[in-house]
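**Q**
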Amino acid sequence: MSLVHEIDYGTPASASETMVTLTIDGNQITVPGGTSIMRASMDAGIEIPKLCATDMIDAFGSCRLCLVEIQGRNGLPASCTTPVAAGMVVSTQTNRLKDVRRGVMELYISDHPLDCLTCAANGDCELQDMAGAVGLRDVRYGYDGENHVKARDNGGLNAKWAPKDESNPYFTFDPAKCIVCSRCVRACEEVQGTFALTIEGRGFGSRVSAGMHEDFVSSECVSCGACVQACPTATLTEKSVIEIGQPEHSVVTTCAYCGVGCSFKAEMRGEELVRMVPWKDGQANRGHSCVKGRFAYGYSSHKDRILNPMVREKITDPWREVTWEEAFAHVASEFRRIQYQYGRDSIGGITSSRCTNEETYLVQKLVRAGFRNNNVDTCARVCHSPTGYGLGQAFGTSAGTQNFDSVEKSDVIVIIGANPTDGHPVFGSRLKKRLRQGAKLIVIDPRRTDIVRSPHVEAAYHLPLKPGTNVAVMTSLAHVIVTEGLFDERFIRERCDWSEFEDWAAFVAEPNHSPEATEALTGVPADMLRGAARLYATGGNGAIYYGLGVTEHSQGSTTVMAIANLAMVTGNIGRPGVGVNPLRGQNNVQGSCDMGSFPHELPGYRHVSDDATRDIFEKLWGVKISDEPGLRIPNMLDAAVDGSFKGLYVQGEDILQSDPDTKHVAAGLAAMECVVVHDLFLNETANYAHVFLPGSSFLEKDGTFTNAERRINRVRKVMSPKNGYADWEVTQKLAQAIGLAWNYEHPSEIMDEIAVTTPSFAMVSYDYLEKMGSVQWPCNEAHPEGSPIMHVDGFVRGKGKFIRTEYIATDERTGPRFPLLLTTGRILSQYNVGAQTRRTENVVWHSEDRLEVHPHDAEQRGIRDGDWVKLMSRSGDTTLRALITDRVSPGVVYTTFHHPDTQANVITTDFSDWATNCPEYKVTAVQVSPSNGPTDWQVEYDEQARQSRRISGKLEAAE
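Residue numbers for the sequence shown follow the numbering used here, beginning at 25 and rising by one.
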């Protein structure tokens, strides 16, 4: 194995379709018009020396190292900023150029530390490489005089020297090694879009500064790593490289955090991970990253990780370590006993949206072929199950319509109930780049998220609706489009059912759906709503991106259908730049749904009642499959409390922390007789478990993830599983203990089975993914290269279906006891329930959940910023610290759910979406009051968790 090397072409590729032919060093080259001479040279295998240029950012032309000679032109132009021209004759290496480049390099080196042998970048330093490339052998200017290198100069303090900034937990900034090429500044601006870095001073006094001369961790820097990646010297260096040394081989794999599905090079020394570097050929991230994927991988080797199987008779007992064989035998025996005693339907399983497609497929297969029922569900139940239902009804398929590249051709972007800069930051950066280029933005959210107004980006409209009124707002937008004649009649007649459109149009045109009529209940001013509707309908390519603020409502499915209606009525479906795009929360939540993790569907979204579909699997698996849908997660918990559901296998999910109404979840788990948790850590659900099976991280397995754009990406093993087995092997061994004759030797064999049984995956194999890099399903004979854009020539269901979307107010109401509305979300540095990110240095930015309260509501209650407050609902109460901010509207409070000591979901209720049981996390009536300590429930929960995590023979309980 060796390092995966990527070619740096120096400048971005040109999108021009016009081709230009020129001659470089005697070689005739044809490239797209607008291509720089530097990139054209690299295309021909001719590398021009450079320092300020890299192909992730636009040309800058400051280093003066990439000069070339052009026949018929005076001077020495910079090859990075000079575009090619027809018939141009270029020389990249002449005596004149050699002298100039060597002189330029001498100037750089005269103000640079000469510690190459002990420098962390030794072997990976572009300055070092370029010094060799230009033939530098001596520095005529010497090293005396003004410099940025020495702390003391001629016995006195050197005002131009600055100390190393070690404040960021993941990388260092050493100003003494900076050549002021501005690559970091430009990467922060052009790639990330944060504008956290700048060049302060002028001339020889110029230097890179974070924020307003702050240290990195205190500045606006979001630690995405773009600056580190761009730096050509050791100025910005990963601390892991300083500690471990340069990597010696790398493996391309896929990030295991959010649904963007970024591709990374895991750079290694032996089996030790040195760093994660975003892969430029990754089609989801295009070489960019966020703080989680780039740096927050330390959880995989955290001391809290459990590496040996454990069992206990009662949840009040300490855990005891056992062999894998004992653990599998115990689970098989208990599950057999429970089914014999309580019936076949008394056990079930929950698949993981963090595990691979192959592992998820095996868990649902275990339930259906081993448990002989359909009691299988997944975390999508509590996030995007309304997406599956709503889009399935309207379009005929349960996934987003576009690839992420599509945003680059959008003219109007609507974000509903999503916070992409925090929840999906790499896509958020791409979206902001398009907005800086001139696209218009509409944000529909109760909270003023970062993207509403950020550097060089401002929403044309922010509609701060009252939580729970999504359907009313969406139907009102449709009212404006229909009554003002802004709909695309040609598209509707060709692609949709016209009679259904007429019925729907008559419905939305009713006066009670007008912006003026809905303003009182939504809180959105009528003129703003009308303006937003007109902009979306007439502004060109309109794209809708939505998140859990749409789906996690009692009318989540209705809102998804209302979004689909809007896209169809304006003709914004079936081409680049448009579409309906759910931003999936977890790395493989799309894949877990694709793999048949719902109790009513087999892989490929085919209902269990369909005889032909069951026949495919029955013949392959050699068992009869029940034609009755099984229990959803809420139903499992209800049945457990009632006494009819007694056993559960949970792979890679923490339902006690992530699911609503924590007390009800705890009651359901406590009522079961055998709960098996398969995870990396003793999570909150493990407090009620009887068996713990240690899991493997994404670094320790082979497989695939499917991201939010339906992209199937390879996950590649970069180190041996610390627990001994990859997760698919654990599930297989459990199946074998139960009596199933499974004998997969590699996950590729599981994918082959998926392809045989699932039409949308028919051409997917590991060999094909190696060839293509990645593909987007459906990938079959009709779409051999995958489907970047869905519904191009027609909808999967035939004709697009317009559906009436009547607003029905949630049963969760505010009143004198609970006058405020709580809504929840995520923050950039943390992920989901925090089991991974809390075990990394990301806690520097978010060490606790905070409650955002509007200044008006805070003043009424005597609450100051940082005060401890009690948050109470009809379901329960908790305490956390207040954050006073006008991001939220009066009457609305907001918090995250990343920390178990807060347990925000003890507050949420059991109200859910009418079609899918997706919980209504986003609307909970609450009261906020000053507090002087944790609630009784928090004290009791903490003690129960502490007792539950005791391990026999261990002095410390694992967290």
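Where is the CB? At the ideal position from N, CA and C, for every residue including glycine.
If you draw a straight line from the alpha carbon of Glu836 to that of Lys946, how long is it in whole angstroms?
**A** Here residue 836 is taken as the residue at index 812 of the sequence shown, counted from 1. Here residue 946 is taken as the residue at index 922 of the sequence shown, counted from 1. Distance between the alpha carbons of Glu836 and Lys946: 11 Å.
**Q** So, is Thr277 buried or exposed, given that buried needs 16 or more other C-beta atoms within 10 angstroms?
**A** Taking the first residue of the sequence shown as 1, we reach residue 277 at position 253. Its Cβ being crowded by 16 or more others within 10 Å, Thr277 is buried.
**Q** Using a 10 Å radius around the Cβ and a threshold of 16 neighbouring Cβ atoms, would you call Arg517 buried or exposed?
**A** Reading the sequence shown from its first residue, position 493 is the one you call residue 517. Exposed: under 16 other Cβ atoms inside 10 Å.
**Q** Considering only the alpha carbon of each residue, which of Gly824, Lys823, Glu794, Ile778 lies closest to Pro802?
**A** Translated into positions along the sequence shown, residue 802 becomes position 778. Taking only the C-alpha atoms, the option nearest Pro802 is Ile778.
**Q** Is Thr728 helix, strand or coil by DSSP?
**A** Along the sequence shown, one-based indexing puts residue 728 at 704. Strand.
**Q** What would DSSP say about Ala982, mapped onto helix, strand or coil?
**A** As a working note, residue 982 is residue 958 in the sequence shown. Only weak support is given to the placement of Ala982: the predicted model assigns it a pLDDT of 44, under 50, and the question is left unresolved by the model.
**Q** Looking only at DSSP bridge pairs, what is Asp177 linked to?
**A** By one-based count along the sequence shown, residue 177 stands at place 153. Gly180.
**Q** Out of Thr709, Asn856, Val275, Val952, which one is the CA nearest neighbour of Val877?
**A** As a position in the sequence shown, residue 877 is number 853, starting the count at 1. Of the listed residues, the one whose Cα sits closest to Val877 is Val952.
**Q** Do Leu455 and Ile440 come within 9 Å of each other at the CB atom, strictly closer than that value?
**A** Locating residue 440 in the sequence shown gives position 416, counting from the first residue. Locating residue 455 in the sequence shown gives position 431, counting from the first residue. Against a cut-off of 9 Å, the Cβ pair of Leu455 and Ile440 comes out as no contact.
**Q** Going by alpha carbons, who is nearest to Val298 out of Met775, Met660, Leu723?
**A** Within the sequence shown, residue 298 is the residue found at index 274, counting from 1. If we check each option's Cα against that of Val298, Leu723 comes out closest.
**Q** Exposed or buried, which one is Gly839 when buried takes at least 16 other CB atoms within 10 Å?
**A** As a position in the sequence shown, residue 839 is number 815, starting the count at 1. Exposed: under 16 other Cβ atoms inside 10 Å.
**Q** Just the C-alpha distance for Arg973 and Asp305, rounded to the nearest angstrom, thanks.
**A** Here the question's residue 973 lines up with position 949 in the sequence shown. Here the question's residue 305 lines up with position 281 in the sequence shown. The straight-line gap from Cα to Cα measures roughly 43 Å.
**Q** Could you pull out every unbroken alpha helix (DSSP H) segment of at least 4 residues lying fully inside the stretch 418-449, listed in chain order?
**A** Listed in chain order, they are 444-447.
**Q** Of the choices Thr54, Cys90, Val28, Pro56, whose alpha-carbon is the least far from that of Gly34?
**A** On the sequence shown, position 10 is the one that residue 34 refers to. Of the listed residues, the one whose Cα sits closest to Gly34 is Cys90.
**Q** To the nearest angstrom, report how far apart Tyr986 and Leu680 are at their CA atoms.
**A** As displayed, the chain neither begins before 25 nor continues past 983, which places residue 986 out of reach and without an answer.
**Q** Cα separation between Leu141 and Gly748?
**A** What you label residue 141 is simply residue 117 of the sequence shown in a count that begins at 1. What you label residue 748 is simply residue 724 of the sequence shown in a count that begins at 1. Those two C-alpha atoms are separated by around 39 Å.
**Q** Less than 9 Å separating the beta-carbons of Thr105 and Gly85?
**A** Indexing the sequence shown from 1 puts residue 105 at position 81. Indexing the sequence shown from 1 puts residue 85 at position 61. Yes. Within cutoff.
**Q** Once DSSP output is grouped into helix, strand and coil, what is the label at Glu291?
**A** On the sequence shown, residue 291 is found 267 positions in, with the first residue counted as 1. Residue state, collapsed to three classes: strand.
**Q** Relative to the C-alpha of Ser650, which residue among Met660, Asp634, Arg656 is closest?
**A** Residue mapping note: residue 650 aligns to position 626 of the sequence shown, counting from 1. Comparing Cα-Cα distances from Ser650 to each of Met660, Asp634, Arg656, the minimum goes to Asp634.
**Q** What runs of the beta strand (DSSP E), each 3 residues or longer, lie entirely inside the stretch 245-285?
**A** 260-262, 273-278, all fully within the stretch 245-285.
**Q** Could you have a look at Ala906 and say whether DSSP puts it in helix, strand or coil?
**A** The residue labelled residue 906 in the question sits at position 882 within the sequence shown. Strand, per DSSP.
**Q** Judging by CA-CA distance, which residue of Leu704, Pro943, Arg911 is the nearest neighbour of Tyr1060?
**A** Because the chain spans 25 through 983 in this model, residue 1060 falls outside it and cannot be assessed.
**Q** Determine, using beta carbons only, whether Ser616 and Cys403 come nearer to each other than 9 Å.
**A** Position 592 of the sequence shown, counted from the start, is the residue given in the question as residue 616. Position 379 of the sequence shown, counted from the start, is the residue given in the question as residue 403. Yes, the pair counts as a contact, with Cβ atoms nearer than the cut-off.
**Q** Enumerate in chain order the residues of its own chain whose CB-to-CB distance from Lys263 is below 7 Å, with the five nearest sequence positions on each side excluded.
**A** Along the sequence shown, one-based indexing puts residue 263 at 239. Counting only Cβ-Cβ distances below 7 Å, and skipping sequence neighbours, we find Tyr194, Phe195, Thr196.
**Q** Can you give me the C-alpha to C-alpha distance between Arg361 and Gly646, rounded to a whole angstrom?
**A** In the sequence shown, the residue the question calls residue 361 occupies position 337. In the sequence shown, the residue the question calls residue 646 occupies position 622. Cα-Cα distance, rounded: 23 Å.
**Q** Please report the distance separating the alpha-carbon of Met43 from that of Ala591.
**A** Sequence index remark: in the sequence shown, residue 43 carries index 19 (1-based). Sequence index remark: in the sequence shown, residue 591 carries index 567 (1-based). Approximately 36 Å, taken between the alpha carbons.
**Q** Residues in the same chain with beta-carbon distance under 8 Å from Tyr165, minus the five sequence neighbours each way, listed in chain order, please.
**A** Counting from one through the sequence shown, the residue named residue 165 turns up at place 141. Counting only Cβ-Cβ distances below 8 Å, and skipping sequence neighbours, we find Glu130, Leu131, Ser134.
**Q** Does Leu121 come out as helix, strand or coil in the three-state DSSP assignment?
**A** Translated into positions along the sequence shown, residue 121 becomes position 97. The answer is helix: DSSP assigns Leu121 an H, G or I state.
**Q** Which of helix, strand or coil does DSSP assign to Val613?
**A** Numbered from 1 along the sequence shown, position 589 holds the residue referred to as residue 613. Reduced to three states, the DSSP call for Val613 is helix.
**Q** Just reading off the beta strand (DSSP E) that Asp401 is part of, what are its end residues?
**A** Here the question's residue 401 lines up with position 377 in the sequence shown. Start and end: 400-402.
**Q** Any chance the stretch 405-414 sits against the stretch 436-451, with 3 or more Cβ pairs inside 8 Å?
**A** Not touching, per the Cβ criterion.
**Q** I believe Leu793 touches Ile736 by the beta-carbon criterion, under 8 Å. Please report the beta-carbon distance rounded to the nearest angstrom.
**A** Mapped onto the sequence shown, residue 793 falls at position 769. Mapped onto the sequence shown, residue 736 falls at position 712. Between Ile736 and Leu793 the Cβ distance is about 7 Å, and since that is below 8 Å, they are a contact.
**Q** Contact between the stretch 509-528 and the stretch 604-615 is defined here as three or more beta-carbon pairs at a separation below 8 Å; is this criterion met?
**A** Touching, no.
**Q** Count Cβ pairs between the stretch 751-767 and the stretch 264-276 that sit closer than 8 Å; are there 3 or more?
**A** The stretch 751-767 is not in contact with the stretch 264-276.
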